[in-house]
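All you need for my numbering is the position in the sequence shown, starting with 1, plus 1125. Notes follow the structure.
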Amino acid sequence: MALIIPYKPHLADLIARELMALDILTILILIHKSYPRQEIESFIFKALTGEVLDKKAKKQIEAMLGS
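Spelled out as structure tokens, the structure:
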């Protein structure tokens, strides 16, 4: 990220949103594995079908869900 921001400052918000979303989703997946809740599942599904995460991030989340 530090390499991209100086040359593409307009991408800073997008990159920050994606990183925060990944952190939040990682925590939610860990919680969901111990305490399955429909609300958490719904949030994860919305994140996977939304536009904030790129393909690589979506695959990472799907892999965490599978393990």
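For each residue, glycine too, the CB sits at the ideal point set by N, CA and C.
DSSP-derived helix/strand/coil call for G1175: coil
Run the CB neighbour count on H1157, radius 10 Å, all protein chains shown included, and call it buried at 16 or more, exposed below. buried
Under a three-way DSSP split, which group does P1134 fall into? helix
Same chain only: Cβ atoms within 8 Å of D1179, ignoring 5 sequence neighbours per side: E1143
Using the rule of at least 16 other Cβ atoms within 10 Å of the residue's Cβ for burial, across every protein chain shown, is L1153 buried or exposed? buried
Does I1140 pass the burial test, meaning 16 or more other C-beta atoms within 10 Å, or should it be called exposed? exposed
Local Cβ density within 10 Å of L1150, reported as buried at 16 or more and exposed below that: buried
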